[in-house]
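Peer 1: Going line by line, the protein sequences match chains A and B. Residue numbers for the first sequence follow our numbering, beginning at 92 and rising by one. Residue numbers for the second sequence follow our numbering, beginning at -13 and rising by one. Ideal Cβ positions, reconstructed from N, Cα and C, are used throughout, including at glycine. I'd like to ask some things about the structure below.
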Amino acid sequence: MKRLEFATCTHQGRVRRNNEDAVGSLDHLGVLIVADGMGGCQAGEVASHMAVDLVLSHLVQHLTPELAASGVMIHLKSALMAANEAIYERSLVDLQLHGMGTTAVVAAFGLAHLAFAHVGDSRLYRLRNGQLECLTRDHTVIQELIDRDEFPGMREALAAGVNPNVLTRALGSEGLLQSDLGVTPCQIDDLYLLCTDGLTGMVAEPDISAVLAEPIALAGRAERLVAAACARGGVDNVTVALAHVSSISD
Amino acid sequence: MAKLTYSSSGQLQDWVLVPNQPVTIGRDVECQIRINDPAVSRHHARLVCLYEEWFVEDLRSTNGTFVNQARVMKQILNPRDVLRIGDQELQFVNETQAEVEDDANKTVRIKPVSRRSLSTQLAAEPVVPAAGIVAAAPPPAPASPASASASGNLLASVEFLTGPSQGTRQAINKALFTIGRAGGNLAVISRRVHAYQLMHLGGDEVSTVNGIPVHGKGILLSDGDVIVVGGSIKAIFRLVAR
């Protein structure tokens, strides 16, 4: 069996009064999730925590360690759909929570593969052989403009005045949800990072990579990533979840 | 509703901008807005609405397209921006720009149905989303993860037009760059990976960016933005490729 080690860390940052991020895991099933809520009056917190709770409770009922990656992906998709519907319905019923929404990135580690899904701008990264790779593509206006070739790259889009913080999709903001799914083989010594934009907005990728490669315990690296975001201003909530694949044997 | 206001043959004209209907400007009769000026190219510039924002795009014109005096290739239009093509000035007006929020870092989702501008100051309380349409369905595109180190390739600086540092240009080479004086009117530009943001830190006279008061946690800055701190310090924010 493959051995997986998890570490998570979340912090409200240095500017905000509350933490609208949420993080959760199912250690025995190899599942990690990070969510970044939005909406005033604690609605963001409600949305992100609902997302984490609902996705995990759905997966606990449906995932088994033997399930093939394709089966896991189906359950990831239905878990996000169920969470989306519940958050959306609650936002319609409860006036205080009108308009709430949340991002989510969820990763489920199988025998040799990692299945993942995301909505919004929370990301999944992999550090392999010293190379940091982003496995998700943000559902943001700026990213989609670049994907549509309206701009050659992030730099040009920013220079043209496009705001980097506007999402095109979020969990709970409308009845129908489109999530992106992916699957990738995982190897011994892979290190995976799920994070909210409170990290990626403050800390550049080479710096994230450097912290991930530090020869300290996984939990220490999670804390250092959060500390790095705070040290660079910490204007947003920041949440990281790390997964280290330490051995695979049958 | 967004529109362009300009004067033509001594008359003030309004061109109402409708999303999904790009507008071309030029000397050619095919152009929706025609400018009869030899300095204007046949197909000079185009206005297009993308994700609820209006952009101006230069169509490789000979003499260039200018927004607030800066030559642009493709640029988002903010309320009160002045577009110049040849000698013709066109003012961009966006009357639904009212919903403004004070936190430029807050992530927001574009509203599924009605529009709202999020460009200069960000709307953040996502308003009740009406059921239905997603903002836009982008065509499939090759996957390319976002480069998060954009500001690493850009050089930000502030040119002081008035005040104690008048006539100087100072590079923003630290995480927090203050303008004004502690105890008096004070503003700070903070550097994020993605962007630069101006916040008003202290003083009774609220700082402004392009005439818009900076409330709460700030306004994202674009190249050419005019910053006024405490009424006496006026500066231009510059963001250019290294």
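1. Strictly by DSSP, which residues pair up with TYR179 of chain A?
2. Exposed or buried, HIS166 of chain A, counting other C-beta atoms within 10 Å across all chains shown (16 or more means buried)?
3. Considering only residues of the same chain and omitting the five flanking positions on each side of LEU207 of chain B, which have a CB-CB separation below 6 Å?
4. If the cut is a Cβ gap below 8 Å, which residues of chain A does GLN7 of chain B touch?
5. Looking only at C-alpha atoms, which of A:LEU218, A:ALA198, A:ALA261 and A:PRO243 sits nearest to ASP229 of chain A?
6. Just verifying my parser: in three-state terms, what is the DSSP assignment at VAL226 of chain B?
7. Give me the residue from B:ILE175, B:GLY189 and B:PRO150 with the minimum Cα distance to ALA168 of chain B.
8. What does PHE242 of chain A reach in chain B if we use C-beta pairs closer than 9 Å?
9. Where does LEU226 of chain A fall in DSSP's three states?
10. Checking the sheet assignment: what are the DSSP bridge partners for ASP271 of chain A?
11. Among A:MET191, A:ASP298, A:PHE200 and A:ALA248, whose alpha-carbon lies nearest the alpha-carbon of GLN133 of chain A?
12. Going by C-alpha to C-alpha distance, which of A:ALA174, A:ALA310 and A:LYS168 sits closest to GLY273 of chain A?
13. I need the straight-line Cα distance from ARG219 of chain A to GLN(-1) of chain B, nearest angstrom please.
14. Given THR48 of chain B, which residues of its chain have a CB within under 7 Å of its CB, disregarding the five upstream and five downstream residues?
15. Pull up the distance between the alpha-carbon of ASN54 of chain B and that of ASN64 of chain B, whole angstroms please.
16. Check the Cβ of ASP209 of chain B against every Cβ in chain A and list those closer than 7 Å, keeping chain order.
17. Can you grab the Cα-Cα spacing for the pair VAL294 of chain A / LEU282 of chain A, in whole Å?
18. What span of residues does the beta strand (DSSP E) with PRO(-13) of chain B cover, start to end?
19. Take the Cβ of LYS160 of chain B as the centre, count every other Cβ of all protein chains shown within 10 Å, and call the residue buried at 16 or more, exposed below.
20. Identify whether ASP127 of chain A lies in helix, strand or coil by the three-state DSSP scheme.
21. Could you check if CYS337 of chain A is buried or exposed, using at least 16 other CB atoms within 10 Å of its CB as the buried criterion?
22. From the DSSP output, in three-state form, read off ARG315 of chain A for me.
23. With DSSP as the reference, please indicate the residues paired to HIS189 of chain A in a beta bridge.
24. Can you name the residues of chain A whose CB is closer than 8 Å to the CB of ALA227 of chain B?
25. Taking 8 Å as the CB-CB cut-off, is ALA181 of chain B touching chain A?
26. State the CB to CB distance for the pair ALA174 of chain A and ALA198 of chain A, rounded to an integer number of angstroms; the pair is presumed to be in contact (CB under 8 Å).
27. The segment 151 to 170 of chain B: which residues have C-beta closer than 8 Å to a C-beta of chain A, in chain order?
28. Hey, would you say ILE178 of chain A sits closer than 8 Å to LEU147 of chain A, going by beta carbons?
29. Nearest chain B C-beta to VAL294 of chain A closer than 8 Å, yes or no?
30. Go ahead and pull the three-state DSSP assignment for LYS160 of chain B.
31. So, GLY104 of chain A versus GLY289 of chain A, is the Cβ gap smaller than 8 Å?
32. Suppose the cutoff is 7 Å on Cβ atoms and the five residues either side in sequence are ignored; what does the same chain contact list for ASN22 of chain B look like?
33. Give the DSSP-derived three-state secondary structure of HIS166 of chain A in the structure shown.
34. From GLU136 of chain A to GLY263 of chain A, what does the alpha carbon distance come to, in whole angstroms?
35. Between which two residues does the beta strand (DSSP E) carrying GLU43 of chain B extend?
36. Measuring alpha carbon to alpha carbon, tell me which of A:HIS204, A:GLY325, A:CYS225 and A:LEU285 ends up nearest ARG312 of chain A.
Peer 2: In this structure, then:
1. DSSP lists no partner for TYR179 of chain A.
2. buried
3. TYR182, LEU184 and PHE223
4. The premise fails here: GLN7 of chain B is roughly 17 Å from chain A at the closest Cβ pair, so nothing lies under 8 Å.
5. Nearest C-alpha to ASP229 of chain A among A:LEU218, A:ALA198, A:ALA261 and A:PRO243: A:ALA261.
6. strand
7. B:GLY189
8. Those within 9 Å of PHE242 of chain A in chain B are LYS60.
9. Correct three-state label for LEU226 of chain A: coil.
10. A:HIS209
11. A:MET191
12. A:LYS168
13. 59 Å
14. SER27
15. Taking the CA atoms as reference points, ASN54 of chain B sits about 10 Å from ASN64 of chain B.
16. ALA250
17. 18 Å
18. Residue identity check: residue -13 of chain B is Met in the sequence provided, not Pro. Taken as a continuous stretch (DSSP letters only), MET(-13) of chain B belongs to no beta strand (DSSP E), as it is neither H nor E.
19. exposed
20. DSSP, read as helix, strand or coil, puts ASP127 of chain A in strand.
21. For the sequence presented, residue 337 of chain A should be read as Ser rather than Cys. Its Cβ having fewer than 16 others within 10 Å, SER337 of chain A is exposed.
22. helix
23. Bridge partners of HIS189 of chain A: none, in fact.
24. ARG246 and ALA250
25. yes
26. Rounded, the Cβ-Cβ distance is 15 Å, inconsistent with contact.
27. ALA161 and LEU162
28. Cβ atoms of ILE178 of chain A and LEU147 of chain A: not closer than 8 Å.
29. yes
30. coil
31. The Cβ atoms of GLY104 of chain A and GLY289 of chain A sit closer than 8 Å to each other.
32. ARG13
33. helix
34. A straight-line Cα-Cα distance of about 13 Å links GLU136 of chain A and GLY263 of chain A.
35. Run containing GLU43 of chain B: 39 to 44, per the beta strand (DSSP E) assignment.
36. If we check each option's Cα against that of ARG312 of chain A, A:LEU285 comes out closest.
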